[in-house]
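Q: These protein sequences, in sequence, are chains R and S. The working numbering puts the first residue of the first sequence at 1029, with every later residue one more than the last. The working numbering puts the first residue of the second sequence at 14, with every later residue one more than the last.
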Amino acid sequence: MSILVNKDSKIVVQGITGSQGMYHAQQCVAYGTQVVAGVTPGKGGTKMDEIPVFNTVDEAVNATGVNVSLIFVPPPFAADAIMEAVDARIALIICITEGIPILDMLKVKAFMKGKNSRLIGPNCPGIITPDEAKIGIMPGFIHKAGSVGVISRSGTLTYEAVFQLTERGIGQSTCIGIGGDPIIGSKFIDLLALFEADPDTEAVVMIGEIGGSAEEEAAQFVSDHMTKPVIGFIAGQSAPPGRRMGHAGAIIEGGKGSAAEKMAAMTKAGIHVVKSPADIGKAVVEALGK
Amino acid sequence: MKIHEYQAKALLKEAGVQVPRGVPIFDLDQVEGAVSELGAGTVVVKAQIHAGGRGKGGGVKVVNGLDEAKKIAGEILGMQLITHQTGPEGKEVKRLLIEEGMDIKKEYYFGIVVDRARECPVIMASTEGGMEIEQVAEETPEKIIKEFIDPALGLRPFQAMKIAYGLGFEGKAVRQATAMFMNLYKFFEGQDCSMVEINPLIETGDGRVLALDAKVDFDDNAFYRHKNVWTELRDLEEEEPLEIEASKYGLSYIKLDGNVGCMVNGAGLAMATLDIIKLSGVEPANFLDVGGSANTESVAQAFRIIFSDPNVKAVLVNIFGGIVRCDRIVNGLIEATKMVDVKVPLVVRLKGANAKEGLKILEESGIDATVTARGGLTDAAVKVVAAFK
């Protein structure tokens, strides 16, 4: 089993006629994902490959019954695209777009309050449940179906962790990139809770980075509610303060958000924290006792 | 993106926020004109650099009369100003702000930032003006007033008034402070700021409320909404030349102090690569995320920029192909070798999408590079340390 997405997930790609949207929609289809609709305002009634394109998400939902949206809309229009998906009652919205202004994201989060949609991202690689559904931009072939959940603020570093698992014969239940922005839809705690409840997940890898306090909140959650082993790594141990390390959210501000603080909180909560990014796979093997 | 105090004050003035009268100068010849324009006996000479702590570092001085103003301006302009935010080498002062002296009755702190955990803007205000807010938060947290703002509604007048009364303003100063807070928030939102900090905000002997200092940071992601204004405000002399160069090609590059150059795709993996280099006992020379939309041209430029840092003694290429496929990186490397002579050892690790194709192109290119065995990350670090020593 898995969390959030599986072989029955039906996807609408917002921005499907753009170069990124088109390429990745095709890659998702090639992996076996059910991409059943696309949305581009003004291109309704046309098709991308065999996939019908609609003018609005609402039309796509009514015509095809999609329940997951994958967003590739450029930054000036992305916040609105997320709100459109929320308004159309899409249960799970995955926004890949990097570079959405933070004040726009604050409005999105305010808009989502009290509604039933869940947002993953923005500025993330998406979600994959190996052998069932790839909804995002990650290379599918490095994954293997299994029982370890992966949650990460990074893209390529997630691939690195997954590769280390697969290399050791350890499969993954679901892998989620939650995004590198300061304001994101779902945080570590939201997804740790889902993995804890998923009977087929045995352990969880969480990959954090400098900036904010999401890892400290996650550590508290792990300490209070998790029975499954959690393996953690924090990127940016060598990052200078006050600099944004590539991700908009990766910055040590006013002395807060450093890797050392996060690693200490996680270790205290019983998380298996590794110092070297090369040791993630090995630590999972040890935690599983295999 | 950071801007100078005098630029922030000009923008704030336009937004209806009271600030002292001031004149920015770039040359000592302009001191006399500035002082006579202000017509004040007492003026303040303020160094304009993109860093806090200027006062403590000796970059802000109150002076009397033109002669003293000239003398002090001469000392500050061109000095290497060292503050807790500049690093030990300091920053050269190339611009000054000459401002009228104020009769300060009371100093306050006022700041607006985004609270990441609560997902809304927050105003922090305190009666401890002139102190670092981090220090106040540490030592006397009860002295900080926090007001959380609904991002959809913006700052409501009752909230601004709560802050004004909370800070102890009285009489007609309450209305002035309230209006100022409203205008500051409107500015924060309208100009896509990630931070607006007024420290100190002052009340004068004659009951006026003004922003005596102003620190404004913009959210880089909103550049597309403010292109013309921000381009004009950006002071390239405050930035690292290699970082400016890199940003032209959509590369995220940060210069560091070590000797191992790094070429990585993805911010998280790039940070993790620096971490493993440091764990191996050597220091990274840079952070570089080549980005998701990298093409042969931008990858070649990325290599050129890394090689152009004279401190670089070895380079580690760590690519996990996803959107950016490995063969594209190798083609970029080949292009780069046509532009510059590669004189330092190269260690290459390719994984993920098109790794095999990439390694094959690399081998056929004849470029002298050490390729990691089975692509292990530790092995990559070990090999780059060996190459370096």
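Backbone N, C-alpha and C define an ideal beta-carbon position, used for all residues, glycine too.
Does the count of Cβ pairs from the region 1288-1301 of chain R and the region 1183-1192 of chain R closer than 8 Å reach three?
A: Short answer: they don't touch.
Q: Just to confirm my understanding: we take residue 1172 of chain R, look at its own chain, exclude 5 residues before and 5 after, and list those with CB closer than 7 Å. What are they?
A: Sequence index remark: in the first sequence, residue 1172 of chain R carries index 144 (1-based). Hits under 7 Å: 1158, 1194, 1199 and 1200.
Q: How is the beta strand (DSSP E) around residue 11 of chain S delimited, first residue to last?
A: Residue 11 of chain S lies beyond the residue range present for chain S, which begins at 14 and ends at 402; the question has no answer from this structure.
Q: Counting only the same chain and skipping the five closest in sequence on each side, list residues whose C-beta sits under 7 Å from that of residue 1116 of chain R.
A: Taking the first sequence and counting its residues from 1, one reaches residue 1116 of chain R at position 88. Result list for residue 1116 of chain R: 1085, 1086 and 1089, in chain order.
Q: When burial is assigned at 16 or more other CB atoms within 10 Å of the CB, is residue 1051 of chain R buried or exposed?
A: As a position in the first sequence, residue 1051 of chain R is number 23, starting the count at 1. It counts as exposed.
Q: Residue 1074 of chain R to residue 1136 of chain R, Cα distance in whole Å?
A: For the purposes of this step, residue 1074 of chain R is taken as residue 46 along the first sequence, with counting starting at 1. For the purposes of this step, residue 1136 of chain R is taken as residue 108 along the first sequence, with counting starting at 1. C-alpha separation (whole angstroms): 29 Å.
Q: Relative to the C-alpha of residue 1076 of chain R, which candidate in R/1094, R/1284, R/1233 and R/1054 has its C-alpha closest?
A: Locating residue 1076 of chain R in the first sequence gives position 48, where the first residue counts as 1. Considering only alpha carbons, the answer is R/1054.
Q: Where do the ends of the alpha helix (DSSP H) carrying residue 374 of chain S lie?
A: Residue mapping note: residue 374 of chain S aligns to position 361 of the second sequence, counting from 1. From DSSP, the alpha helix (DSSP H) with residue 374 of chain S extends over 368-378.
Q: Can you look up residue 314 of chain S in the DSSP assignment and give me helix, strand or coil?
A: On the second sequence, residue 314 of chain S is found 301 positions in, with the first residue counted as 1. It is helical.
Q: May I have a chain-ordered list of the beta strand (DSSP E) segments no shorter than 3 residues that lie completely inside the region 144-203 of chain S?
A: Whole beta strand (DSSP E) segments, 3+ residues: 157-161.
Q: Across which residues does DSSP place residue 111 of chain S in a beta bridge pair?
A: Stepping through the second sequence from its first residue, residue 111 of chain S is reached at position 98. S/36 and S/58, per the DSSP bridge assignment.
Q: For residue 1047 of chain R, count the other beta carbons within 10 Å of its own beta carbon; 16 or more makes it buried, fewer makes it exposed. Which is it?
A: As a position in the first sequence, residue 1047 of chain R is number 19, starting the count at 1. Exposed: under 16 other Cβ atoms inside 10 Å.
Q: The beta strand (DSSP E) that contains residue 1202 of chain R, what's its start and end?
A: Sequence index remark: in the first sequence, residue 1202 of chain R carries index 174 (1-based). Element bounds for residue 1202 of chain R: 1200-1205.
Q: If we ignore side chains and look at the alpha-carbon of each, how far apart do residue 1226 of chain R and residue 1190 of chain R end up?
A: The residue labelled residue 1226 of chain R in the question sits at position 198 within the first sequence. The residue labelled residue 1190 of chain R in the question sits at position 162 within the first sequence. In a straight line, the C-alpha of residue 1226 of chain R is about 19 Å away from that of residue 1190 of chain R.
Q: For residue 55 of chain S, I'd like the list of residues in its chain whose CB is within less than 6 Å of its CB, leaving aside the five on either flank, ordered along the chain.
A: Against the second sequence, residue 55 of chain S aligns to sequence position 42. Hits under 6 Å: 77 and 114.
Q: Which term fits residue 49 of chain S, buried or exposed, when burial requires 16 or more other beta carbons within 10 angstroms of its beta carbon?
A: Here residue 49 of chain S corresponds to residue number 36 of the second sequence, with the count starting at 1. Exposed: under 16 other Cβ atoms inside 10 Å.
Q: What whole-angstrom Cβ distance do residue 304 of chain S and residue 340 of chain S have, given they're in contact under 8 Å?
A: Here residue 304 of chain S corresponds to residue number 291 of the second sequence, with the count starting at 1. Here residue 340 of chain S corresponds to residue number 327 of the second sequence, with the count starting at 1. Not confirmed; about 17 Å, so no contact.
Q: Would DSSP call residue 1100 of chain R helix, strand or coil?
A: The residue given as residue 1100 of chain R occupies position 72 in the first sequence. Coil, per DSSP.
Q: Roughly how many angstroms separate the alpha carbons of residue 332 of chain S and residue 277 of chain S, rounded to a whole number?
A: Residue mapping note: residue 332 of chain S aligns to position 319 of the second sequence, counting from 1. Residue mapping note: residue 277 of chain S aligns to position 264 of the second sequence, counting from 1. Approximately 5 Å between the Cα atoms of the pair.
Q: Please report the distance separating the alpha-carbon of residue 181 of chain S from that of residue 151 of chain S.
A: The count along the second sequence starts at 1 and reaches residue 181 of chain S at position 168. The count along the second sequence starts at 1 and reaches residue 151 of chain S at position 138. Their backbone Cα atoms lie some 22 Å apart in a straight line.
Q: Do you know offhand how far residue 272 of chain S's Cα is from residue 1164 of chain R's?
A: On the second sequence, residue 272 of chain S is found 259 positions in, with the first residue counted as 1. On the first sequence, residue 1164 of chain R is found 136 positions in, with the first residue counted as 1. About 36 Å.
Q: Determine, for residue 275 of chain S, whether the minimum Cβ-Cβ distance to residues of chain C falls below 8 Å.
A: In the structure shown, chain C does not exist; the protein chains are R and S.
Q: I need the straight-line Cα distance from residue 98 of chain S to residue 1177 of chain R, nearest angstrom please.
A: Locating residue 98 of chain S in the second sequence gives position 85, where the first residue counts as 1. Locating residue 1177 of chain R in the first sequence gives position 149, where the first residue counts as 1. Straight-line Cα distance between these residues: approximately 40 Å.
Q: Listed from N- to C-terminal order along the chain, which residues in the region 1160-1176 of chain R have their beta-carbon within a distance smaller than 9 Å of any beta-carbon of chain S?
A: Against chain S - using a Cβ distance shorter than 9 Å - the residues of the region 1160-1176 of chain R are 1165, 1166, 1167, 1169 and 1170.
Q: Are the beta-carbon atoms of residue 1147 of chain R and residue 1231 of chain R separated by less than 8 Å?
A: Position 119 of the first sequence, counted from the start, is the residue given in the question as residue 1147 of chain R. Position 203 of the first sequence, counted from the start, is the residue given in the question as residue 1231 of chain R. Cβ distance not < 8 Å, so residue 1147 of chain R and residue 1231 of chain R don't count as in contact.
Q: Between which residues of its own chain and residue 1311 of chain R is the CB-CB distance below 8 Å, once the five residues before and five after are set aside?
A: For the purposes of this step, residue 1311 of chain R is taken as residue 283 along the first sequence, with counting starting at 1. The answer, listed in chain order, is 1259, 1300 and 1302.
Q: What are the boundary residues of the alpha helix (DSSP H) that residue 1251 of chain R is part of?
A: Numbered from its first residue, the first sequence carries residue 1251 of chain R at position 223. Element bounds for residue 1251 of chain R: 1242-1253.
Q: Who are residue 298 of chain S's beta bridge partners in DSSP?
A: The residue you call residue 298 of chain S lines up with position 285 of the second sequence. Per DSSP, none; premise fails for residue 298 of chain S.
Q: With respect to the alpha helix (DSSP H) encompassing residue 1287 of chain R, which residues constitute its N-terminal and C-terminal limits?
A: Within the first sequence, residue 1287 of chain R is the residue found at index 259, counting from 1. Segment 1287-1296, the alpha helix (DSSP H) holding residue 1287 of chain R.
Q: For the region 355-378 of chain S, list every residue whose C-beta sits within 7 Å of some C-beta in chain R, in sequence order.
A: Within the region 355-378 of chain S, the residues whose Cβ lies closer than 7 Å to some Cβ of chain R are 364, 365 and 366, listed in chain order.
Q: I want to verify the contact list: residues of chain R whose CB lies under 8 Å from the CB of residue 207 of chain S, in sequence order.
A: Position 194 of the second sequence, counted from the first residue, corresponds to residue 207 of chain S. Here the neighbours are 1130.
Q: Looking at residue 319 of chain S: is its Cβ nearer than 8 Å to the Cβ of residue 394 of chain S?
A: Locating residue 319 of chain S in the second sequence gives position 306, where the first residue counts as 1. Locating residue 394 of chain S in the second sequence gives position 381, where the first residue counts as 1. It is not a contact, given that the beta carbons lie outside the stated cut-off.
Q: Beta strand (DSSP E) containing residue 342 of chain S: first to last residue?
A: Within the second sequence, residue 342 of chain S is the residue found at index 329, counting from 1. Per DSSP, residue 342 of chain S belongs to no beta strand (DSSP E); it is in the alpha helix (DSSP H), 339-352.
Q: Please say whether residue 302 of chain S and residue 1093 of chain R have beta carbons closer to each other than 8 Å?
A: Counting from one through the first sequence, the residue named residue 1093 of chain R turns up at place 65. Counting from one through the second sequence, the residue named residue 302 of chain S turns up at place 289. No; because the gap between Cβ atoms is not below 8 Å, this pair is not in contact.
Q: Can we say the region 128-145 of chain S touches the region 153-168 of chain S, given the rule of at least three CB pairs closer than 8 Å?
A: With the cut-off at 8 Å, the region 128-145 of chain S and the region 153-168 of chain S touch.
Q: Does DSSP put residue 43 of chain S in a helix, in a strand, or in coil?
A: Within the second sequence, numbered from 1, the residue matching residue 43 of chain S stands at position 30. Looking at residue 43 of chain S - three-state DSSP - the assignment turns out to be helix.
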